[in-house]
Amino acid sequence: MQDLPSPTVAVINTSEDVAELLGTALSDEGYDTAVGYVVDFRAGRQDLDEFLRRHRPQVIIWDIAIPYALNWEYFLRVRETHGDCSFVLTTTNKDALESIVGPTETTEIVGRPFDLEHVIQAVQRVIARLNGKSPTAG
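Numbering-wise (my numbering), the sequence shown opens with residue 6 and increments by one.
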């Protein structure tokens, strides 16, 4: 019944283990996934813009981790150059991040430690908004 292709979700995290876990969980839910590591992008071992152009994600899960300022600035650059994407931000400092980001249709914030189901629900909500549907409560 559903002819639409599976949305692509890019998981970009400072922890390879967490990134792989999220990527696997989202794949199990039927999403196409691409996994990248912040440290590889920052060190120049992988080009983030090329990664995003190649995978063309509709949603990017981005980890705002220590060092917060550096990761936040890096995220802002990505959001500026790839503004057509929606974001799910994960962080240990959810309250502070919510006060900075404010309410937005294109960003969900999930506190860490997180339950995988909460991240999946956040992805489902932003995709529902992208598709013009009313997201279900998570």
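Cβ coordinates follow ideal geometry from the N, Cα and C atoms, glycine included.
| Asked | Found |
| --- | --- |
| According to the neighbour-count rule (16 or more other Cβ atoms, all chains shown, within 10 Å of its Cβ), is N136 buried or exposed? | exposed |
| Can you check whether the CB of T38 is closer than 9 Å to the CB of A70? | no |
| If we count Cβ pairs, one from each stretch, closer than 8 Å, do we get three or more for the region 9-29 versus the region 62-78? | yes |
| Apart from the five residues on each side of it in sequence, which residues of its chain come closer than 7 Å, Cβ to Cβ, to P62? | T13, V14, A15, A39, C90 |
| Let me make sure I understand the geometry here. Which of T95, I105, R82 has the alpha-carbon closest to that of A127? | T95 |
| Put N18 into one of helix, strand or coil per three-state DSSP. | strand |
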